[in-house]
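What follows is a short report on a single structure.
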Amino acid sequence: MSRKVRYSVIYAPAREGGYGAYFPAFPEITVWYPTLKQCREAAREALEIHLKGLRALGARLPHERNIVRSAVRVEVG
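Just so we're aligned: the sequence shown equals residues 88 to 164 in my numbering.
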């Protein structure tokens, strides 16, 4: 029986160019691609493969993690 699951993913431009992505619930999954579109596609594929592997091992899927986005202001110099 299959079901749809949803996990947060963070996309960010990489210093060297392109985009990186990671899943807070799965820190072991990271991808990098030259374009955001490619990165989004690769992230979805990486998550699907990882989840299939966990299911094949009989492991429970982790719960989504709450994401808090904030900023910190500091003085430099």
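For each residue, glycine too, the CB sits at the ideal point set by N, CA and C.
Backbone secondary structure at residue i - three-state DSSP
i: Glu-128; result: helix
i: Glu-151; result: coil
i: Ala-158; result: coil
i: Ala-99; result: strand
i: Ala-146; result: coil
Nearest residue (CA-CA) to residue i, options the options
i: Arg-102; options: Ile-116, Tyr-109 and Pro-121; result: Pro-121
i: Arg-131; options: Ala-108, Arg-147 and Gly-140; result: Ala-108
i: Leu-138; options: Phe-110, Arg-160 and Gly-104; result: Phe-110
Sub-8 angstroms separation of residue i and residue j beta-carbons
i: Glu-151; j: Ala-112; result: yes
i: Ile-154; j: Ala-133; result: no
i: Cys-126; j: Tyr-106; result: yes
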